[in-house]
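Residue 101 is where the sequence shown starts when you use this note's numbering, and the numbers rise one by one after that.
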Amino acid sequence: MWIAQQPLRWKKVSRMNVRWPQLICMACAIAQAGCSEDSDHDRNANGGQAGASGATQSIACESTTSPQLEGTWAVLARYSLQLQSRQGGVVSMCPVDQVAPATLLFILDIQSSAQAALDVSAVPCQLELPNVSAMVGECRPEQSNGLNVTIPIPEPLTRGFATVPPTQIQGSISPSDALSFESLGFTWGTRSPTLPEWNASASGCGMSDLDIGRSETCEPSCVDACDALVDDDQDGFPGVTVHVCGTTEDDVRTQVPCHAEQPTIPGVTLQGMIRMALRTQLVLQGQALSSCEALGTFASQTEYAVVGADTYLTNVRVSVASARQSLPLFKGKTEDSRWRMIRVDGRHGAADWNLPQDAASRCSIVRSRRNELE
Numbered sequence: 101m102w103i104a105q106q107p108l109r110w111k112k113v114s115r116m117n118v119r120w121p122q123l124i125c126m127a128c129a130i131a132q133a134g135c136s137e138d139s140d141h142d143r144n145a146n147g148g149q150a151g152a153s154g155a156t157q158s159i160a161c162e163s164t165t166s167p168q169l170e171g172t173w174a175v176l177a178r179y180s181l182q183l184q185s186r187q188g189g190v191v192s193m194c195p196v197d198q199v200a201p202a203t204l205l206f207i208l209d210i211q212s213s214a215q216a217a218l219d220v221s222a223v224p225c226q227l228e229l230p231n232v233s234a235m236v237g238e239c240r241p242e243q244s245n246g247l248n249v250t251i252p253i254p255e256p257l258t259r260g261f262a263t264v265p266p267t268q269i270q271g272s273i274s275p276s277d278a279l280s281f282e283s284l285g286f287t288w289g290t291r292s293p294t295l296p297e298w299n300a301s302a303s304g305c306g307m308s309d310l311d312i313g314r315s316e317t318c319e320p321s322c323v324d325a326c327d328a329l330v331d332d333d334q335d336g337f338p339g340v341t342v343h344v345c346g347t348t349e350d351d352v353r354t355q356v357p358c359h360a361e362q363p364t365i366p367g368v369t370l371q372g373m374i375r376m377a378l379r380t381q382l383v384l385q386g387q388a389l390s391s392c393e394a395l396g397t398f399a400s401q402t403e404y405a406v407v408g409a410d411t412y413l414t415n416v417r418v419s420v421a422s423a424r425q426s427l428p429l430f431k432g433k434t435e436d437s438r439w440r441m442i443r444v445d446g447r448h449g450a451a452d453w454n455l456p457q458d459a460a461s462r463c464s465i466v467r468s469r470r471n472e473l474e
């Protein structure tokens, strides 16, 4: 059975720290082994499992009297999420109380609007949702037939992140270099403040209604605001689509594939697609270490609303209402949720990632260099 990983913690990096990547490359040169980088922009387009480890790198930066934050930054936020189980789904979280990591990669463009005040524009580039340890039916920890449930973000949705209108917020930096930002929110699948949602209590939309909600058409009898949905991933379905793959130990041992996009093909124990509107909000607090690096913690609220599904459990159809109840709710743990941002525009001696103007190309490069934020 998969066990939720504990969130990683970044150590605060002093400006005087030895630049280990440089020493390593010097050692490589001496040994004539060479050091190289992968230049494929999208090699990490879907990333690894949320919370994958990496060593924090110190950032080269020119000394300034106080941190200068104007410019372009790449940010990696690592959520620590308390997962909350729902009742009535075909699968249940097991154990009931779990903590799991998630990640969000985004770009910040910062301008100074007044003394200590910051105008901030944010564009999301990549999201990884947490893995869940679950069991078919009710949770029975003494049994060994657990499921490792993953919720992968498909490539069309990852590419579509850059098409969402940028988020505009305010921030500030104190004389002690403390940073704070207003609530930073990203929403996919709708532009409405209220997320459209499946109403399982409506006639024909309940747990036993297996046919409805599987097509490319939003069901107005079951979804409270079909006209508010936006096809941000441009896959022809209402809202945005995430995949669901639930694997047992037997699935892993026999290397059974997950046919999320063609769930009628026999595959892993639980597989399919869920359509939803999705929103995450972060409130970043932290410290500017220099004009090229900052880090801190953040409060978060992440919510979703299911508007359709095409999922199967052991080749048997699962209703939209039941699929909805099988997903956990998320509650952010502020003290264990960490963010780090580094300057990427070449100013103040920082690395220049040569980001172009269009958001899609910018995000592609940022995804490919995500390891520099780990």
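Virtual Cβ for every residue (Gly too), placed ideally from N, Cα, C.
Note that this is a predicted model, so its numbers are computed, not measured.
Checklist entry - Using the rule of at least 16 other Cβ atoms within 10 Å of the residue's Cβ for burial, across every protein chain shown, is valine 416 buried or exposed? => result Within the sequence shown, residue 416 is the residue found at index 316, counting from 1. Here valine 416 is exposed: its Cβ has fewer than 16 other Cβ atoms, across all protein chains shown, within 10 Å.
Item to check | Coil, strand or helix - aspartate 219 by DSSP | outcome: One-based indexing of the sequence shown puts residue 219 at position 119. Three-state result, aspartate 219: strand.
Checklist entry - Among Glu255, His343, Ala234, which has the Cα closest to the Cα of glutamine 187? => result Residue 187 sits at position 87 when you count from the first residue of the sequence shown. Checked all of Glu255, His343, Ala234; the closest Cα to glutamine 187 is Ala234.
Item to check | Closest by C-alpha distance to glutamine 381, when choosing among Thr267, Ala217, Cys239 | outcome: Within the sequence shown, numbered from 1, the residue matching residue 381 stands at position 281. In terms of Cα proximity to glutamine 381, the closest of Thr267, Ala217, Cys239 is Thr267.
Item to check | Cβ neighbour criterion (16 or more within 10 Å) applied to asparagine 231 | outcome: As a first step, residue 231 is located in the sequence shown; it is residue number 131 there, counting from the start. Under this definition asparagine 231 is a buried residue.
Checklist entry - Rounded to the nearest angstrom, how far is the Cβ of glycine 346 from that of leucine 247, given a contact under 8 Å? => result As a position in the sequence shown, residue 346 is number 246, starting the count at 1. As a position in the sequence shown, residue 247 is number 147, starting the count at 1. Yes, glycine 346 and leucine 247 are in contact; Cβ-Cβ is about 4 Å, under 8 Å.
Next on the checklist: Between the alpha carbons of alanine 325 and glutamate 297, how many angstroms are there, rounded?
Outcome noted: Numbered from its first residue, the sequence shown carries residue 325 at position 225. Numbered from its first residue, the sequence shown carries residue 297 at position 197. Spanning the alpha carbons of alanine 325 and glutamate 297 requires a straight line of approximately 7 Å.
Next on the checklist: Given this structure, state the Cα-to-Cα distance separating methionine 116 from glutamate 228, to the nearest angstrom.
Outcome noted: Within the sequence shown, the letter at position 16 stands for residue 116. Within the sequence shown, the letter at position 128 stands for residue 228. Because the pLDDT at methionine 116 is just 38, under 50, the model does not fix this residue reliably, and the value given afterwards should be weighed accordingly. When the Cα atoms are used, methionine 116 and glutamate 228 turn out to be separated by approximately 33 Å.
Next on the checklist: Residues in the same chain with beta-carbon distance under 8 Å from proline 363, minus the five sequence neighbours each way, listed in chain order, please.
Outcome noted: Locating residue 363 in the sequence shown gives position 263, counting from the first residue. Spatial neighbours of proline 363 in its own chain (CB-CB distance under 8 Å, excluding positions within 5 residues in sequence) are listed in chain order as Gln371, Gly372, Met373, Asp410, Thr411, Tyr412.
Checklist entry - Below 9 Å between beta carbons: does that hold for glutamine 184 and alanine 300? => result As a first step, residue 184 must be located in the sequence shown, where it is residue number 84. As a first step, residue 300 must be located in the sequence shown, where it is residue number 200. Glutamine 184 places its beta carbon 9 Å or farther from that of alanine 300.
Next on the checklist: For cysteine 239 and lysine 431, I'd like the C-alpha separation in whole angstroms.
Outcome noted: Here the question's residue 239 lines up with position 139 in the sequence shown. Here the question's residue 431 lines up with position 331 in the sequence shown. Spanning the alpha carbons of cysteine 239 and lysine 431 requires a straight line of approximately 20 Å.
Item to check | Identified DSSP bridge partners for aspartate 209 | outcome: Stepping through the sequence shown from its first residue, residue 209 is reached at position 109. Answer is Thr172, Ser221.
Checklist entry - From what residue to what residue does the alpha helix (DSSP H) around cysteine 463 run? => result As a working note, residue 463 is residue 363 in the sequence shown. Counting along the chain, the alpha helix (DSSP H) containing cysteine 463 begins and ends at 459-468.
Next on the checklist: Using a Cβ distance threshold of 8 Å, determine whether the stretch 272-283 contacts the stretch 382-397, with at least three qualifying pairs required.
Outcome noted: Judged by pairs of C-beta atoms under 8 Å, the stretch 272-283 touches the stretch 382-397, as three or more such pairs exist.
Next on the checklist: Please list the terminal residues of the continuous alpha helix (DSSP H) segment that includes valine 420.
Outcome noted: Indexing the sequence shown from 1 puts residue 420 at position 320. For valine 420, the uninterrupted alpha helix (DSSP H) segment begins and ends at 420-426.
Checklist entry - Out of Ile207, Arg178, Thr317, which has the shortest C-alpha to C-alpha gap to arginine 462? => result Your numbering for residue 462 matches position 362 in the sequence shown. Arginine 462 has its Cα closest to that of Ile207, out of Ile207, Arg178, Thr317.
Next on the checklist: Tell me the DSSP secondary structure of arginine 259 in three-state form.
Outcome noted: Working through the sequence shown from its first residue, we reach residue 259 at position 159. Look at arginine 259 here: in three-state DSSP terms it is helix.
Checklist entry - Just curious, the beta strand (DSSP E) that glutamate 349 is in, first and last residue? => result Residue 349 sits at position 249 when you count from the first residue of the sequence shown. Per DSSP, glutamate 349 belongs to no beta strand (DSSP E); it is in the alpha helix (DSSP H), 349-353.
Item to check | Under the three-state DSSP convention, the category leucine 473 falls into | outcome: Position 373 of the sequence shown, counted from the first residue, corresponds to residue 473. Look at leucine 473 here: in three-state DSSP terms it is helix.
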